[in-house]
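Residue numbers (my numbering): 31 to 90.
So, in structure tokens, the structure goes:
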């Protein structure tokens, strides 16, 4: 009588590294929000300087 074949789960080293990288890739939402705010502030300053616009609350 033939025995059922056993399945062996073999993971290559690259698969394990990819799994570790995915776990470490989470970025805090706070970092994303701060990044967006800083980007918009710098973007606004560049537009003000480039077009010579005046911003009332920045010029006392």
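Don't be surprised by glycine CBs; every beta carbon is placed ideally from N, CA and C.
Asked	Found
Nearest-angstrom Cα separation, counted from residue 62 out to residue 56	11 Å
CB contact flag (residue 70, residue 77, <8 Å)	no
Cutoff 8 Å; reference residue 73; Cβ partners in own chain excluding five residues on either side	none
Cβ-based neighbour list, residue 85, same chain, cut-off 7 Å, excluding 5 preceding and 5 following	78
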